[in-house]
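Working notes, structure below.
Numbering (our numbering), first residue to last: 16 to 133.
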C-alpha cells in the first residue's frame, strides 16, 4: 500500500530530474543518490527508476530490477571506498522507518556500524 502515486513521489521526481539530487551512479534500471539526511559518513539511496512501493513489491514485480538495485549498491560501495565494510538496508512500511514509499536501498558506511542501529 503506497500513500503516494508516482506523480507525487519524491524519488520518482528525483529520477525524472524534477528535483535536484547528488546522483553518484545510475544504470538503465536504477539511480543512486546521496541521502539528504545522512545517518553515516556515506549514506546513498539506490532506487529503481520505476515506482514500486517497497522491496517486497519490487521483488514480486521484477527480480531483474531488484538485482540491479542491489548490484548498483555494491558498485557504489566500492566507488565510495567502503572496502567491504558497509550496510545495505531496505525499510519496508512506516513501522520499519520507511518514509518515502518508493522502494529504496540504503548504502551506509564510513564508520563502525553498531547493531541494533541507533
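Idealized CB from N, CA, C, for every residue including glycine.
As the structure is a prediction and not an experimental result, all values here were calculated from the model.
For residue i, the three-state DSSP class (helix, strand or coil)
{"i": "residue 49", "result": "strand"}
{"i": "residue 32", "result": "coil"}
{"i": "residue 16", "result": "Confidence is the limiting factor: at residue 16 the pLDDT is only 39, short of 50, which leaves the residue's position unreliable and the question unanswerable from this model."}
{"i": "residue 71", "result": "helix"}
{"i": "residue 25", "result": "helix"}
Residue i to residue j span [Cα, whole Å]
{"i": "residue 103", "j": "residue 21", "result": "24 Å"}
{"i": "residue 93", "j": "residue 37", "result": "17 Å"}
{"i": "residue 106", "j": "residue 118", "result": "8 Å"}
{"i": "residue 62", "j": "residue 130", "result": "24 Å"}
{"i": "residue 59", "j": "residue 49", "result": "4 Å"}
Beta-carbon proximity check, residue i vs residue j, cutoff 8 Å
{"i": "residue 125", "j": "residue 55", "result": "yes"}
Cutoff 7 Å; reference residue i; Cβ partners in own chain excluding five residues on either side
{"i": "residue 42", "result": "83 and 87"}
Cutoff 6 Å; reference residue i; Cβ partners in own chain excluding five residues on either side
{"i": "residue 115", "result": "25 and 26"}
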